[in-house]
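Chemist:
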Amino acid sequence: MIFDLAGLKASERQYYLQHVVAPRPIAFASTIDAEGNANLSPFSFFNLFSAQPPIVIFSPARRVRDNTVKHTLENVFAVPEVVINLVSYNMVQQASLASCDYPKGTDEFVKAGFTKEAASQVRPPMVKESPAKLECKVLEVKSLGESGGAGQLVICEVLALHIDDRLLDADNKINQADLDLVARLGGDWYCRTTPESLFKVPKPNTQLGIGIDSLPASVRGSRHLRGNHLGALANVHEHPVMQPAFDDPHLKQIVQYYSLNPDDMEKEVHLYAAKLLDEGRVEEAWQVLLTMG
Ligand SMILES: Cc1cc2nc3c(=O)[nH]c(=O)nc-3n(C[C@H](O)[C@H](O)[C@H](O)COP(=O)(O)O)c2cc1C
Numbered sequence: 042m043i044f045d046l047a048g049l050k051a052s053e054r055q056y057y058l059q060h061v062v063a064p065r066p067i068a069f070a071s072t073i074d075a076e077g078n079a080n081l082s083p084f085s086f087f088n089l090f091s092a093q094p095p096i097v098i099f100s101p102a103r104r105v106r107d108n109t110v111k112h113t114l115e116n117v118f119a120v121p122e123v124v125i126n127l128v129s130y131n132m133v134q135q136a137s138l139a140s141c142d143y144p145k146g147t148d149e150f151v152k153a154g155f156t157k158e159a160a161s162q163v164r165p166p167m168v169k170e171s172p173a174k175l176e177c178k179v180l181e182v183k184s185l186g187e188s189g190g191a192g193q194l195v196i197c198e199v200l201a202l203h204i205d206d207r208l209l210d211a212d213n214k215i216n217q218a219d220l221d222l223v224a225r226l227g228g229d230w231y232c233r234t235t236p237e238s239l240f241k242v243p244k245p246n247t248q249l250g251i252g253i254d255s256l257p258a259s260v261r262g263s264r265h266l267r268g269n270h271l272g273a274l275a276n277v278h279e280h281p282v283m284q285p286a287f288d289d290p291h292l293k294q295i296v297q298y299y300s301l302n303p304d305d306m307e308k309e310v311h312l313y314a315a316k317l318l319d320e321g322r323v324e325e326a327w328q329v330l331l332t333m334g
């Protein structure tokens with residue numbers, strides 16, 4: 042199926058794009074109007090775009106329904122400052138509540154039951170309950186159009202980052218899992234960064250991975266190794282060589298048991314390598330595969 046975007050209504054475009062461009066982090070944006078009244082609204086059209094200068098962008102779009110603009114957008118024109126509060130699982134229902142179209146002047150801190158905390162460099166208040174908050178200066182608002190659904194990019198320079206002390210270790214490094222952030226997908230779907238859903242993909246920054254095209258043909262063409270397995274194997278920066286000291290009882294068993302049946306031996310060796318790769322044991326997987334030559 043190919044969707045030609047030109048043939049879709051704005052609401053349909055939004056539907057399809059929001060499901061596939063997902064998950065998206067949520068900027069829970071705190072702003073104030075010219076009189077100093079606070080507003081708090083979630084925006085998942087949001088991301089980090091630059092570290093130097095430190096730039097995040099979120100987009101309070103013109104409403105698809107009636108082409109009106111959001112209070113948050115009016116506020117950043119009046120007072121070009123914002124606090125972006127990141128949303129943890131414990132806050133998600135209240136953050137969603139804050140997205141109701143309350144009349145202008147309604148303080149969603151009160152409506153959604155969050156606690157205001159003074160920021161250090163900007164006037165809008167922070168959400169105390171948020172594990173991480175960005176104090177930002179609005180550099181520019183870039184309108185992407187005048188019709189309903191048109192994004193309005195609020196380009197923000199981050200001046201200060203607040204992090205809950207409990208999320209930092211002795212070296213001030215962040216425990217990613219403890220942040221427990223949530224993200225938005227399509228429709229009513231959200232996801233949560235639980236320890237079970239997190240995993241690491243080691244990326245050699247200084248050295249190049251050998252590449253899938255450099256893997257032995259039998260490994261590249263294996264029916265038992267999937268793309269993630271090949272990707273992990275090909276991420277080493279030098280083609281590994283057999284280590285004489287490598288001694289694996291399970292591999293020995295496979296080799297002995299299937300000594301008269303090379304096809305089955307290859308299958309079992311590949312399945313064993315796949316299991317090791319699933320456990321992140323890349324070096325051992327390479328040694329296992331090298332026994333097949
Ligand atoms: C999790 C979540 C993410 C949202 N993301 C966006 C977004 O990126 N852009 C947008 O225009 N509206 C988004 N909305 C809807 C706004 O939060 C909603 O229109 C809100 O009422 C705007 O408030 P305001 O008029 O006080 O600024 C989102 C709602 C939720 C619950």
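Numbering-wise, the sequence shown is residues 42 to 334 according to the working numbering.
Just so you know, even glycine gets a beta-carbon here, dropped at the ideal spot from N, CA and C.
Predicted, not measured: the structure shown is a model, and the values here were computed from it.
1. Could you check where the alpha helix (DSSP H) with V61 kicks off and where it finishes?
2. Under the rule that 16 or more other beta-carbon atoms within 10 Å means buried, what is K293, buried or exposed?
3. On the three-state DSSP scale, how would you describe V260?
4. Does the beta-carbon of A139, which I'm using as the reference point, lie nearer than 8 Å to any heavy atom of ligand 1?
5. Could I get the ranges of all uninterrupted beta strand (DSSP E) runs contained in the stretch 224-295, with 3 residues as the minimum, in chain order?
6. Taking the C-alpha atoms as reference points, what is the distance between V223 and A136?
7. Are three or more beta carbon pairs between the stretch 136-151 and the stretch 89-102 nearer than 8 Å?
8. Assuming the contact rule is C-beta atoms closer than 8 Å, V124 and P165 should be a hit. Round their C-beta distance to whole Å, please.
9. Among the residues of its own chain, which have a CB less than 6 Å from the CB of L266, if the five just before and after it don't count?
10. Excluding five sequence neighbours on each side, which residues of the same chain lie with their C-beta closer than 7 Å to the C-beta of E181?
11. With DSSP as the reference, label V97 as helix, strand or coil.
12. Helix, strand or coil for M167, going by three-state DSSP, please let me know.
13. Please work out which residues of its chain come closer than 8 Å, Cβ to Cβ, to D221, disregarding the five sequence neighbours upstream and downstream, and give them in chain order.
14. Can you tell which of G268, S259, V323 has its C-alpha closest to the C-alpha of P303?
15. Using a Cβ distance threshold of 8 Å, determine whether the stretch 106-115 contacts the stretch 200-214, with at least three qualifying pairs required.
16. Whose C-alpha, out of V179, K178, R103, G154, is nearest the C-alpha of V168?
17. Out of W230, S300, K308, which has the shortest C-alpha to C-alpha gap to Q59?
18. Could you spell out where the alpha helix (DSSP H) holding E181 opens and where it closes?
19. Would you mind sorting L249 into buried or exposed? The rule is 16 or more other CB atoms within 10 Å of its CB.
20. Starting from F150, trace the beta strand (DSSP E) in both directions and tell me its first and last residue.
21. Does the beta-carbon of V163 have 16 or more other beta-carbons within 10 angstroms, so that it is buried, or is it exposed?
22. Exposed or buried, A79, counting other C-beta atoms within 10 Å across all chains shown (16 or more means buried)?
23. How is the alpha helix (DSSP H) around L317 delimited, first residue to last?
24. Excluding the 5 residues flanking D219 on each side, which residues of the same chain have their C-beta closer than 7 Å to its C-beta?
25. Please go through the same chain and pick out, in chain order, the residues whose beta-carbon is closer than 8 Å to the beta-carbon of D289, but skip the five residues on each side of it.
Modeler: By the coordinates alone:
1. Boundaries of the alpha helix (DSSP H) harbouring V61: 51-61, taken from the DSSP string.
2. By the neighbour-count criterion, in which 16 or more other beta carbons inside 10 Å mark a residue as buried, K293 falls on the exposed side.
3. V260 carries a helical assignment under DSSP once its states are collapsed to helix, strand and coil.
4. Distance from the C-beta of A139 to the nearest heavy atom of ligand 1 is below 8 Å.
5. 231-233, all fully within the stretch 224-295.
6. Just so you know, the alpha carbons of V223 and A136 end up roughly 11 Å apart.
7. Output reads no: the stretch 89-102 does not touch the stretch 136-151.
8. About 5 Å separates the two Cβ atoms, so the contact holds.
9. Closer than 6 Å at Cβ, skipping near neighbours: H311, A315.
10. Excluding sequence neighbours, E181 sits near I196.
11. DSSP places V97 in strand when its eight states are reduced to three.
12. DSSP places M167 in strand when its eight states are reduced to three.
13. In chain order, S129, Y130, N131, P172, R233, T234, T235 place their CB closer than 8 Å to the CB of D221, counting only its own chain and leaving out the 5 sequence neighbours on each side.
14. Taking only the C-alpha atoms, the option nearest P303 is S259.
15. In short, these stretches do not touch, since the Cβ pair count stays below three.
16. Ranking V179, K178, R103, G154 by Cα distance to V168 puts G154 first.
17. Of the listed residues, the one whose Cα sits closest to Q59 is W230.
18. Not the alpha helix (DSSP H): E181 falls in the beta strand (DSSP E), residues 173-184.
19. With fewer than 16 other Cβ atoms from the protein chains shown falling within 10 Å of its own Cβ, L249 counts as exposed.
20. First-last for F150: 149-152, but that is the alpha helix (DSSP H), not the beta strand (DSSP E).
21. It counts as buried.
22. It is buried - the Cβ of A79 has at least 16 other Cβ atoms within 10 Å.
23. For L317, the enclosing alpha helix (DSSP H) stretches over residues 303-319.
24. Cβ contact annotation for D219 (same chain, cutoff 7 Å, sequence separation greater than five): L208, in chain order.
25. The residues are E325, Q328, V329.
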